[in-house]
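Novice: Residue numbers (my numbering): 19 to 247.
Virtual Cβ for every residue (Gly too), placed ideally from N, Cα, C.
Predicted, not measured: the structure shown is a model, and the values here were computed from it.
Dumping the structure here so I can ask a few things about it.
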Amino acid sequence: MTFHHGIAILAEGDDFPDVLSSPKDEPAAIGFELTPEKMLAGYRKGLFAWSVNPVTWWSPDPRAIIPLDGLHVSHRLARTIQARPFRVTMDRAFSDVVMHSARPRHRGDGVWITQEFRDAFAALFAMGCAHSVECWQNETLVGGVFGVAINGFFSAESMFHRATDASKIALYYLVETLRDSGFQLLDIQMLTPHTESLGAQEISRREYLSLLVRALQKQNCRVNLKNVI
19 MTFHHGIAIL AEGDDFPDVL SSPKDEPAAI GFELTPEKML AGYRKGLFAW
69 SVNPVTWWSP DPRAIIPLDG LHVSHRLART IQARPFRVTM DRAFSDVVMH
119 SARPRHRGDG VWITQEFRDA FAALFAMGCA HSVECWQNET LVGGVFGVAI
169 NGFFSAESMF HRATDASKIA LYYLVETLRD SGFQLLDIQM LTPHTESLGA
219 QEISRREYLS LLVRALQKQN CRVNLKNVI
């Protein structure tokens, strides 16, 4: 492994670097192929992939999380949830949730969920390491969220909606499911105004890595939507 301006340049056979002293707003590492095994190894080290050709691995400081006891549900959203406007499922349409999440939200937006990422997430789903929550109107998929689980850690990768509040309700049931299933950490990587309005917060990389270690030590966490719906 070599370093260029603090960024690890990875060669086959290398391990991921210790990210505690990695750049705060640049890739921590560049290299490797985007495989499910490398992605899982990256998550365990506090890294996530964000591009291909080359693959870049990031560990931003600060890091955004949603406390599992801190999701903000407005009075209006709470009333909507109680009204049950959608049928909510888990892992019924994982590939469709990923596909819809990959579409640009606005004209001119870039897309990070390329075909390479879609293939890698599909492989993680087949391994039982990735999950989705879906919202349906009749038989039409109108919202969802997906991510990757390792022991008591969950990385929420992206979400989408085609009906008002559908992604928020999917996230609500994901958080309820993770908390009920004994998870310790819900990572959302980067803070946005939308996620901040839902209770997301930024913490230092050092604090994040400490929470990650504890979450990875948590065994026997099983994502089961039936526990909360």
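#1: Assign R125 to one of three DSSP states: helix, strand, or coil.
#2: Quick one: what does DSSP say Q100 is sitting in, helix, strand or coil?
#3: Contact check, I221 vs P54 under 8 Å by CB: the rounded distance?
#4: Taking Cβ to Cβ, would you say L196 is nearer than 8 Å to L229?
#5: With distances taken Cα to Cα, identify the nearest neighbour of A59 among K42, V37, P72.
#6: Considering only residues of the same chain and omitting the five flanking positions on each side of K42, which have a CB-CB separation below 7 Å?
#7: In the DSSP assignment, what are the bridge partners of W154?
#8: Tell me which residue opens and which closes the beta strand (DSSP E) that D205 is part of.
#9: Tell me the DSSP secondary structure of A59 in three-state form.
#10: Who are the Cβ neighbours of A140 in its own chain at under 7 Å, not counting the five residues just before and after it?
#11: Can you tell me which of the three DSSP states R232 falls into?
#12: Given a cut-off of 8 Å on the beta-carbon distance, is the pair Y190 and L89 in contact?
#13: Please list, in chain order, all residues of the same chain as G217 whose beta carbon is under 8 Å from its beta carbon, the five residues on each side excluded.
#14: Give the secondary structure of T213 by DSSP, where H, G and I count as helix, E and B as strand, and everything else as coil.
#15: How should P45 be labelled, buried or exposed, when 16 other C-beta atoms within 10 angstroms of its C-beta is the threshold for buried?
#16: Please name the residue in G161, S173, R62 whose C-alpha comes closest to that of D205.
#17: Is it a yes or a no for the region 57-77 touching the region 149-157, going by three-plus beta-carbon pairs under 8 Å?
Specialist: Straight from the coordinates:
#1: Bear in mind that a pLDDT of 39 at R125, under 50, signals an unreliable position, so the model cannot answer this.
#2: helix
#3: With 8 Å as the limit, I221 and P54 do not qualify as a contact, their Cβ atoms being about 27 Å apart.
#4: no
#5: V37
#6: P78, D79
#7: R105, L159
#8: 203-207
#9: helix
#10: S113
#11: helix
#12: yes
#13: I84, P85, G88, L89, H90
#14: helix
#15: buried
#16: S173
#17: no
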